[in-house]
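Protein chains in written order, with my numbering: chain R, 42 to 597; chain L, 42 to 597.
Note that beta-carbon positions come from the ideal geometry of N, C-alpha and C, so glycine has one too.
In this text, all values refer to a predicted model and were calculated from it rather than measured experimentally.
Some notes on the structure that comes next.
Rendered as structure tokens:
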């Protein structure tokens, strides 16, 4: 391929800035123009929630000033400039200077689209009231901060319990506001976590005195005569609020692409192939404006993340200057700090795995993040999702005060290389007491799945057990913890029976051989041991409760 | 396979205890005997160095008391009992009660050997003096503690700068002792780290006022008339010491196996296949007494680690009761805390990769462990080792105050699944400002290797640059940092020239086009940019210094 004389990149946040820099490194001769509608490049938008509370300062939100790009990368940087249209036949982009209103038309040989995404704003009553915000860019964050100060806001409502919603909640709490989170679905991070894992997040939010309204839809905002928001309407109630933040996710910015006749995917993002080619061979697109392939389902997803945008930027920079690099897809990895809880996930959650047509096995493993005898080990809960027949790892979730994100990164890597639970159980992860136990929680989770595959360890989830209790089912829920543990709190119900593990072998005659028995303890280790003893003794229907008390999300 | 009536496991620390417990879970009927020469099972020997200083307490060093194994697992636990011989024809083990001296002979259908390893003690003069220790088990650790108290020891010499040596050093420093480390090879962790990575560990040790003697061999110990150690002889010197710890590694305990005629490997460990079968189909072996396959070289290694021992234990427990599980090998992963430095490695280091016959490319990447704008991000140094032609990842090392071990675990996983740098660069690792930057340091390292593969970024290591400076080679070592950074410290030499990156394009005529130029900055990012500018401008021999100042281990 001939080197292009003129390269234009539209959008300069993450993908665009990276694409332009990489293009320059590989091609010192081309004219490279970057068109950005705001007044800086390479802004760290993922830091915005932390900027609210001052945990992150403004200067740090711009990774590199525009002049850096001009001087070091010899880029033609057009700030406060909006691309209006692409003429694919003429190979030109027309843009307008937002300050002067004057238009220019620039030629391109190769064009990169990194137009990003914009917050979803439903057409709700009162959405234009003062004090109703989205949080998508630096001006948004500045406006929220000023409004809180000026309006002396004390009560905030956040609509949406996704990543941005939870990060914003933490930072508003740290600023001293009272916070209510409203989420239309049943639990926090509903697109990311399964219910029983999300339950730990819910507990954490409640502990921080955040009011939670799950499973109800917002219908609009109420305002004062001066046009300031005073409340958020949800169902038949109005929740008082001085400020409201809509964190309902984002939609890809595709107007330019659409009007230029580029193919748009079914999810609304620009359609690109693995080389980030759009349907026009001279136009590439990447970052938050495109759809990406999920490496597990092989289906297109819309998962806008800064990490993907950066990877895309490098690939576009390479390919736009004559290279042929590929983006193989995303695992759907995500991480979020919820106060002192580290929350991560990758691949498919259980719900998604069933929906994708897999026959699923899961393991729910409470564990400590490093050797329990080494100071400061902290508990985490890991959920592993695998394909029953093959043991292939489909996804994982981990929540806790301890180091969950390391495990998520290992799982993301394992999923990328289509690992199964046997290989994961054998993976030589780093072990020293300050960093891990001899068996990583992932090893244990993989082995639990293998035990289930082998039929050694039939199980019920805490949710299924709760359902059986509530239904009044005829079964024995066998608590094999100690008397002391029982006294500190136990699950209630006529079906619940305490029989400490050390006494089990001698008291087998207290249990009918044909009863349905579900064993549990604190973390499932003793529950599994009890299960093996009972099965070995000829009991015919013995399950254990996955995750046991450590994963029991209900009140005692 | 018929279920065995009698199972014997010899050794009950990690592998043996796990094997017995797993065997019981899978087989409630068998008689299972575990023979252990010390007075407890499942001791956490990896915690021993931390027990010295009291960071870990004695109770915690025994994961589970022997009675737990007796009651819950219905094991026949023989403590203080030493297996004397195996009669393979008769299928019996003869053991002696170390307290009473009485012998018993027990029948087995299947036997598991988990005899562990013992510290290497060269036949040095004075090795039996009081105050000369090894650190391999709980009695060792107790003896060291008592001796320090009783002898009022103030100065310790540790012989060997491996994992145990460094962990012991940290804990002795924390106890207030003056510490000298003597290592026969040239740098700390010589079997694990390459020189330039180890240099950061050296710096840390010096900062803690530890005296270091590298590249010299100990010849013996000197003692007082009362038979107490007073010094360690190294070369022509004697280093004063009230206490000395030999941390020279361990050798597999194979006497029983050897005398029973089982096959021993070339490295001295028991030879086992992937199912942990010894050369006798009724005898399994695992843990520190066996050789394991390195998954990169496919050659046998002797890498005794608690993590492997636990994995082996589970496999032996399965296979000894009729299963057929496999152990696919180790990646050679290791982690060690050296004061506040987190040190990890996996796979092959550069030296090992060359020795194994690979054509090697490496990247040395200084990076922050999470978003620099988010509080408490800390610098780390990552070294990635890959195969030049294929980009296959062969190994990695990471050192720093920040989270290095996560990256090592990701690399260990990638190596397990024979990943290449392209796939690693595209792996969807978890990103949120508290946990990572948009590009993980591993992404950057993988991309550096790809740039080198593509010929974009020829490089020299800091060691190679130092050599050229010392040789007085005719080249330009181009510091492209700012004037301010230069003033805070810079590499000296007539070949060194300061030319800040922002001025480079305008001052190209100060550099001869055909000169050999080596660019560097603080982390290599600007150095690479400068390199691309120079190459683009027609300079013919431009390299960058891998890792730049952040990896420069020499004084300024």
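Cutoff 7 Å; reference residue i; Cβ partners in own chain excluding five residues on either side
i, result
"residue 541 (chain L)", "521, 522, 523, 524"
"residue 65 (chain L)", "73, 114, 115, 116"
"residue 359 (chain L)", "63, 67, 366"
"residue 186 (chain L)", "93"
"residue 157 (chain R)", "52, 54, 294, 328, 329, 330"
"residue 677 (chain R)", "The structure shown does not extend to residue 677 (chain R), since chain R is modelled only from 42 to 597, so the question has no answer here."
Minimum C-alpha distance to residue i - residue among the options
i, options, result
"residue 250 (chain R)", "R:239, R:235, R:210, R:264", "R:210"
"residue 561 (chain L)", "L:545, L:306, L:191", "L:545"
"residue 306 (chain L)", "L:333, L:79, L:323, L:280", "L:333"
"residue 597 (chain R)", "R:537, R:566, R:582, R:553", "R:537"
"residue 267 (chain R)", "R:170, R:56, R:363", "R:170"
"residue 34 (chain L)", "L:112, L:237, L:176, L:56", "Any question about residue 34 (chain L) goes unanswered here, given that chain L covers just 42 to 597."
"residue 494 (chain R)", "R:432, R:440, R:552, R:535", "R:432"
"residue 565 (chain L)", "L:406, L:327, L:275", "L:406"
"residue 202 (chain L)", "L:427, L:314, L:239, L:166", "L:239"
"residue 448 (chain L)", "L:410, L:426, L:416", "L:410"
"residue 377 (chain R)", "R:112, R:226, R:208", "R:208"
"residue 452 (chain R)", "R:181, R:204, R:487", "R:487"
Residues that DSSP places opposite residue i in a beta bridge
i, result
"residue 599 (chain L)", "The requested residue 599 (chain L) is not part of the displayed model; chain L covers only 42 to 597."
"residue 344 (chain R)", "Residue 344 (chain R) pairs with nothing; no bridge assigned."
"residue 175 (chain R)", "R:287"
"residue 122 (chain L)", "L:138"
"residue 438 (chain R)", "R:386, R:424"
"residue 128 (chain R)", "R:133"
"residue 117 (chain R)", "R:74"
"residue 166 (chain L)", "L:261"
"residue 561 (chain L)", "L:520"
"residue 144 (chain R)", "R:137"
"residue 331 (chain R)", "R:311"
Collapsed DSSP secondary structure at residue i in the structure displayed
i, result
"residue 526 (chain L)", "helix"
"residue 311 (chain L)", "strand"
"residue 599 (chain R)", "Absent from the model: residue 599 (chain R). The displayed extent of chain R is 42 to 597, so no value can be given."
"residue 250 (chain L)", "coil"
"residue 155 (chain L)", "coil"
"residue 28 (chain R)", "Because chain R is modelled from 42 through 597, residue 28 (chain R) falls outside the range shown and cannot be assessed."
"residue 381 (chain R)", "coil"
"residue 520 (chain L)", "strand"
"residue 94 (chain R)", "coil"
"residue 365 (chain L)", "coil"
"residue 577 (chain L)", "helix"
"residue 448 (chain R)", "helix"
Neighbourhood of residue i by C-beta distance below 6 Å, restricted to the same chain and skipping five residues each side
i, result
"residue 110 (chain L)", "82, 116, 118"
"residue 348 (chain L)", "none"
"residue 106 (chain L)", "none"
"residue 356 (chain R)", "317, 366, 368"
"residue 477 (chain L)", "411"
"residue 530 (chain L)", "597"
"residue 45 (chain L)", "71, 150, 151"
Contact set for residue i: own chain, Cβ-Cβ below 8 Å, skip 5 residues either direction
i, result
"residue 492 (chain R)", "498, 569"
"residue 123 (chain L)", "76, 78, 136, 137, 139"
"residue 500 (chain R)", "493, 584, 585, 586, 587"
"residue 275 (chain R)", "223, 254, 257, 258, 259, 260"
Any non-hydrogen atom of the ligand GTP within 7 Å of residue i CB
i, result
"residue 523 (chain L)", "Ligands are entirely absent from the displayed structure, and the ligand GTP is therefore not among its contents."
Short of 7 Å Cβ to Cβ, which residues in the segment 184–211 of chain L face chain C?
This model lacks chain C altogether; the protein chains it does include are R and L.
Could you please tell me which residues of the segment 113–128 of chain R, in chain order, have their CB closer than 9 Å to any CB of chain L?
113, 114, 115
Between the segment 360–371 of chain R and chain L, which residues of the former have CB atoms less than 7 Å from a CB of the latter, in chain order?
368, 369, 371
Return the residues of the segment 78–95 of chain R that lie within a Cβ-Cβ distance of less than 7 Å from chain L, sorted by chain order.
85, 87, 88, 91
Contact set between the segment 462–473 of chain R and chain L, restricted to residues whose Cβ is under 9 Å from the partner:
Hits within the stretch, in order: 463, 464, 465, 466, 467, 468, 469, 470, 471, 472, 473.
Of all the residues that make up the segment 218–243 of chain R, which are near chain L by a beta-carbon distance shorter than 8 Å?
none
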